[in-house]
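Protein chains in written order, with my numbering: chain A, 4 to 264; chain B, 4 to 264.
For every residue, glycine included, the Cβ atom is placed at its ideal position computed from N, Cα and C.
To keep things clear, I will list the structure first and then write my remarks on it.
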């Protein structure tokens, strides 16, 4: 099948691209998973996020649920503290929302059977909303997803609506979710390793003796700091591969760059 | 392919089964979509929920994020009022959480191409987290999903943590989400109808002159009222098809029963 023949070419192109995400690198907690997958014959990752707690400031009176004009007040891929949220809220002008978003991973697969195998791994690890997309050009993407979430409005038109004790509590809830999320990631990694023997899908690509470090030649613009800083960025961050049937793989690539091809 | 040959049989079996969901019927807002799909050659629905606003009471000090022991304090598939939430909270003993959950639909498809077509319809309608599952026995499921959500803790160990003004606000936010959800459902329905000419996948099954009404012979147990009532039920309700690779289709079936087979 033409798509199968193209797979190697697609992988080579993808892994040689720059990381266009705002963060510019794979999240630490999933580096091992991403690199493992990219070393396998029949897979490569196209986008990822280990999971995060964020505070975003949206426009008030915006009836569009997809708030396009948001700024990020705070983001972390680890547990957070009350003070992080309070500090963020002090800068809020609109409708601030405190959110937890779970691990997301998009993997392009050589064949449908490869996607099915990876899908089993994802579901068995607790990522029950995972699913496969098959584009018109034959590109097969397996998306690791879960329903695990938290979304808590905290201010409206810049006015904080809750007391600090409530913020304490939602921070605690979000931290529990990050913790559970981490357990699922570890479970996913274990299942992935266990699946290595399951078939040639997980056979490894040749890896050069000198392991390539991620190479990002694209410099950040002056004044644009890492995503975890207070210089916030719009919502569409480093993770969003929209599984559309135009087979677009160019949104938010997190790549572990290999020089094997 | 054997799976393709089995499709007619699977469809017949599925459509003749009882609806085991607590509600016992397809949600009104999506009856037309469900019936349309079930009249098509290459598809049948296995579970659905039009979207809902719920207030659930979970066990406190339960570090398991998936709170297994929850009771439902309130549920609606339409907009809600502040008083609904306040009334529910008065009965809360543990950690009450106010949630919005979007439209979910699971459709078994005859061939992968049929799933791809339906997937395009779903994504174009705004359900961007939709995805396909292909089970070991060849069962192909397309799940319509979105990330659209709201999850707001309101009480901890039975103590309400917020003021009524905040509840007013989150009710307003949830109602906006239900409204947006409804627009997406309508968009999905329109796209579905537009796709009718796209191929034989959407060719219609023969429908008997006398349209079959949903037939549910399984009576509710005494005292067990509809889901929307105050006699709450555990969280696992009428929607949950877990896309696992055991190809289980028996959780939470919502069926529009046809007597065409």
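| request: Note down the Cα distance separating residue 143 of chain A from residue 52 of chain A, rounded to an integer number of angstroms. | output: 20 Å
| query | Applying the criterion that 16 or more other CB atoms from any shown protein chain within 10 Å of the CB defines a buried residue, is residue 130 of chain A buried or exposed? | reply | buried
| field | Distance CB(residue 153 of chain A)-CB(residue 154 of chain B) smaller than 8 Å | value | yes
| query | Shortest alpha-carbon distance to residue 146 of chain B belongs to which of B:94, B:16, B:119? | reply | B:119
| task | Closer than 9 Å, Cβ to Cβ, to anything on chain B: give me those residues from the region 151 to 169 of chain A, in chain order. | result | 151, 152, 153, 154, 155, 156, 159, 164, 165, 166, 168, 169
| request: Identify which residue in A:135, A:178, A:175, A:162 has its Cα closest to the Cα of residue 114 of chain A. | output: A:135
| query | Does the beta-carbon distance from residue 170 of chain B to residue 85 of chain B come in below 8 Å? | reply | yes
| Are there 16 or more other CB atoms within 10 angstroms of the CB of residue 55 of chain B, so buried, or fewer, so exposed? | buried
| Is residue 177 of chain A buried or exposed, if buried means 16 or more other CB atoms sit within 10 Å of its CB? | buried
| If residue 96 of chain A sits next to residue 60 of chain A, beta carbons under 8 Å apart, how far is it from one beta carbon to the other, in whole angstroms? | 6 Å
| Below-8 Å beta-carbon distance, residue 178 of chain B vs any chain E residue | Within the model displayed, chain E is absent; protein chains A and B are what it includes.
| Taking 8 Å as the CB-CB cut-off, is residue 84 of chain A touching chain B? | no
| request: For the beta strand (DSSP E) containing residue 155 of chain B, list its first residue and its last residue. | output: 153 to 156
| field | Among A:48, A:93, A:88, nearest to residue 18 of chain A - alpha-carbon criterion | value | A:48
| Assigned secondary structure, residue 19 of chain A (DSSP; H/G/I helix, E/B strand, else coil) | coil
| field | Top-ranked residue by Cα proximity to residue 168 of chain A, from B:39, B:116, B:158 | value | B:158
| said: Once the 5 residues before and after residue 46 of chain A are set aside, which same chain residues still bring their CB inside 6 Å of it? | reply: 40, 110, 112
| query | Nearest to residue 75 of chain A by CA position, among A:16, A:164, A:102, is which residue? | reply | A:102
| query | Just the Cα atoms here: how many angstroms apart are residue 88 of chain A and residue 164 of chain A? | reply | 13 Å
| Interface residues of chain B facing residue 55 of chain A [CB-CB closer than 8 Å] | The premise fails here: residue 55 of chain A is roughly 14 Å from chain B at the closest Cβ pair, so nothing lies under 8 Å.
| field | Complete beta strand (DSSP E) runs within the region 52 to 102 of chain B (minimum length 3 residues, chain order) | value | 55 to 61, 73 to 79
| said: Please state the DSSP three-state secondary structure of residue 115 of chain A. | reply: helix
| How long is the line joining the alpha carbons of residue 11 of chain B and residue 38 of chain B, rounded to whole angstroms? | 17 Å
| query | Any idea if residue 72 of chain A is buried or exposed, counting beta-carbon neighbours within 10 angstroms, 16 or more meaning buried? | reply | exposed
| request: For residue 149 of chain B, count neighbouring C-beta atoms within 10 Å of its own C-beta (all shown protein chains included) and say buried if the count is 16 or more, exposed if not. | output: buried
| task | Could you tell me which chain A residues have their CB closer than 9 Å to the CB of residue 114 of chain B, listed as they occur along the chain? | result | Within chain A, no residue comes near residue 114 of chain B; the closest Cβ sits about 11 Å away, beyond 9 Å.
| task | Report the rounded CA-to-CA distance for residue 122 of chain B versus residue 195 of chain B, giving the unit in angstroms. | result | 10 Å
| request: Could you give the DSSP three-state label for residue 37 of chain B: helix, strand or coil? | output: helix
| query | Can you tell me the Cα-Cα spacing of residue 90 of chain A and residue 81 of chain B, whole angstroms? | reply | 36 Å
| Backbone secondary structure at residue 122 of chain B - three-state DSSP | helix
| said: With a threshold of 6 Å on Cβ separation, who are the neighbours of residue 191 of chain B within its own chain once the five nearest residues in sequence on each side are excluded? | reply: 128
| task | Using a Cβ cut-off of 7 Å, pull out every chain A residue sitting near residue 48 of chain B, in sequence order please. | result | Chain A residues near residue 48 of chain B: none, gap ~17 Å exceeds 7 Å.
| For residue 105 of chain A, which residues from the same chain have a beta carbon less than 6 Å from its beta carbon, with the 5 sequence-adjacent residues on both sides left out? | 54, 149, 151, 184
| query | What does residue 119 of chain B touch in chain A if you count any residue whose Cβ is under 9 Å from its own? | reply | 136, 137, 138, 139, 248
| said: Relative to the C-alpha of residue 99 of chain B, which candidate in B:174, B:79, B:198, B:57 has its C-alpha closest? | reply: B:57
| query | Under a Cβ-count criterion, where at least 16 other Cβ atoms within 10 Å of its own Cβ denotes burial, should residue 20 of chain A be classed as buried or exposed? | reply | exposed
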